Amino acid sequence: MSSLTIKQLRYVEAAGRTGSISAAAALSNISQSSITAAIDALEAETGFDLFSRVPAKGLIITSAGQQCMTLITDFLGSFRAFENELSAIGGTSTGVIRLACFAAAAVTFLPSAIASFQRDHPGIRFEMVEGNMDTVTGYLEEGRADIAFTYSEAVKDGQIFHPLVELPHFALLCADDPLAAQASVSLEDLSSKPMIELNLVRTNAYYSGLLKAAGLDVDVVHSSSSVAMIRTMVAANLGFTILNAKPLAVVDARGGFCAVPLSDEIKARPFGLVMQARVRQPRAVAEFHAHCEVLRKHGEFEKMAIRLK
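For reference, each letter of the sequence shown is one residue, going 1 to 309 in full-length UniProt numbering.
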């Protein structure tokens, strides 16, 4: 096994993660032949096939290949931690922090959190992925992320949730809607209007379910997995939506939509930072976690909330 390099293991891991030689090559910024050579080299060393090559379907990982991929992912994670710790000797933190964030909330806080962190840690860079609530905590389990940002309801066994803010519910309304001028709105106020629903796992029936649970009618006329698209549709007066994480602006640049808090007594949703339990984190990851805790104490995550006044 000594003839294999770290780089080759990374190529094999990319192939297993993407299920495609071409996708792995694009992700690794190398030729497809280099990915194939790395797979061939590891298969020659182990004496078994990692993948089945299926035309039009790409790479299908074998049972033995799946076990091997788990070992490779764990090893690469440990090696990355070793690199970060080694580079930190002398006091300057460097390295890569991999973040997974619930797509509907990422733009609200993540850019400013990274910018403030990098003022003191310019040698650290970030790799970010977005997804639904279950996807981002799944990235932690798979070793593809160091930290996930999501709601507490999505935390899996073996993970630790660090709360950052409690997010109440609010309605996003077209600025021309008379309700947009009110200090708050009720679910009953909204029940006569068409609804646009955020179509992500755990959210696709959650918000409309609030009205149903209150015994109210709900008319879901559109849905989208993109909060940006939903904001645009709301601004076009195609319906309202309900969210928890505040958009970048309470009113968009054209005055197209307004965020109005709900007056109903609905339990706020805890939003926070998730990490794998019993995992020794690289120094850079630990420092970013500590930075987020400082931001929480200073109320920075409160900027995500729309609250009743």
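Glycine residues also receive a C-beta, built at the ideal position from the N, C-alpha and C atoms.
As the structure is a prediction and not an experimental result, all values here were calculated from the model.
Among the options, nearest to residue i - alpha-carbon criterion
| i | options | result |
| --- | --- | --- |
| GLY272 | VAL136, VAL54, SER192 and ARG119 | VAL136 |
| ASP146 | ALA277, LEU99, ASN244 and ALA154 | LEU99 |
| GLU142 | GLU293, PHE75, SER192 and HIS121 | PHE75 |
| GLN32 | TYR11, GLY47, THR46 and ARG17 | TYR11 |
| ILE30 | GLU43, ARG144 and ALA15 | ALA15 |
| VAL129 | ILE61, ALA103 and SER225 | ALA103 |
| GLU127 | LEU71, ILE114, ARG119 and VAL96 | VAL96 |
| ALA44 | ASN199, GLU300, ALA290 and SER3 | SER3 |
| ALA284 | SER208, ARG125 and GLY19 | ARG125 |
| VAL185 | MET229, ALA26, ALA236 and PHE240 | PHE240 |
| PHE301 | ARG144, HIS162, GLY47 and VAL234 | HIS162 |
| ASN244 | ALA236, GLN159 and ARG307 | ARG307 |
| ILE265 | LEU167, VAL201, ALA228 and SER224 | Inspection of the sequence shows that residue 265 is occupied by Glu rather than by Ile. It is LEU167 whose Cα lies nearest to the Cα of GLU265. |
| LYS57 | ILE21, VAL234 and GLU287 | ILE21 |
| LYS267 | SER34, THR46, ILE114 and TYR207 | TYR207 |
| ILE242 | LEU86, ILE114 and LYS193 | LYS193 |
| GLY131 | MET304, ARG202 and GLU13 | ARG202 |
| SER223 | LEU200, HIS289 and ALA115 | LEU200 |
| ARG144 | ALA228, ILE114 and CYS101 | CYS101 |
| VAL294 | ALA205, VAL227, ALA24 and ILE114 | ILE114 |
Helix, strand or coil at residue i [DSSP, three-state]
| i | result |
| --- | --- |
| HIS169 | coil |
| ALA181 | helix |
| ALA277 | coil |
| GLU130 | strand |
| ALA253 | Because ALA253 carries a pLDDT of 43, less than 50, the predicted location of this residue cannot be relied on, and no value is offered for it. |
| ARG6 | It is Ile, not Arg, that sits at residue 6 in the sequence shown. Looking at ILE6 - three-state DSSP - the assignment turns out to be helix. |
| ALA259 | strand |
| LEU243 | strand |
| ILE266 | coil |
| ARG296 | helix |
| GLY138 | helix |
| ILE160 | strand |
| ILE147 | strand |
| ARG307 | coil |
| GLY16 | helix |
| ILE124 | strand |
Inter-residue CB distance, residue i and residue j (contact presumed, cutoff 8 Å)
| i | j | result |
| --- | --- | --- |
| ALA259 | PRO247 | 7 Å |
| ASP157 | SER191 | Actually they are not in contact, since the Cβ atoms of ASP157 and SER191 sit about 38 Å apart, beyond 8 Å. |
| MET195 | ASP219 | 6 Å |
| THR62 | ASP49 | 6 Å |
| ILE230 | LEU198 | 6 Å |
| LEU262 | HIS121 | About 39 Å separates the two Cβ atoms, so there is no contact after all. |
| residue 346 | HIS291 | The question about residue 346 has no answer here: the residues shown for the chain are numbered 1 through 309. |
| VAL274 | LEU140 | 6 Å |
| MET133 | ALA154 | 4 Å |
| ARG296 | LEU164 | 5 Å |
| LEU59 | PHE51 | 4 Å |
| PHE257 | ALA235 | 5 Å |
Any non-hydrogen atom of the ligand FMN within 8 Å of residue i CB
| i | result |
| --- | --- |
| PRO178 | As far as ligands go, the structure on display features none, and thus does not contain the ligand FMN. |
Within-9 Å CB hit, residue i to chain D
| i | result |
| --- | --- |
| THR18 | Within the model displayed, chain D is absent; a lone protein chain is all it includes. |
Could you tell me which whole alpha helix (DSSP H) segments of length 4 or greater appear in the stretch 186–224? DSSP assignment within the stretch 186–224 yields the following whole alpha helix (DSSP H) runs of 4 residues or more, N-terminal first: 187–190 and 206–213.
Going residue by residue through the stretch 41–117, where are the continuous alpha helix (DSSP H) segments of at least 4 residues, counting only ones entirely within it? DSSP runs (the alpha helix (DSSP H)) wholly in the stretch 41–117: 63–88.
Discussion item. Check whether the stretch 135–153 and the stretch 171–188 are in contact - that is, three or more C-beta pairs closer than 8 Å.
Written reply: Taking a cut-off of 8 Å on C-beta distances, the stretch 135–153 does not touch the stretch 171–188, as fewer than three cross pairs fall below it.
So, do the stretch 106–118 and the stretch 67–81 have three or more beta carbon pairs nearer to each other than 8 Å?
Not touching, per the Cβ criterion.
### Query
Are the stretch 2–11 and the stretch 38–52 touching by the rule of at least three beta carbon pairs closer than 8 Å?
With a cut-off of 8 Å, the stretch 38–52 and the stretch 2–11 count as touching, because enough Cβ pairs lie within range.
Three or more beta-carbon pairs under 8 Å between the stretch 273–285 and the stretch 202–215, yes or no? These segments do not touch.
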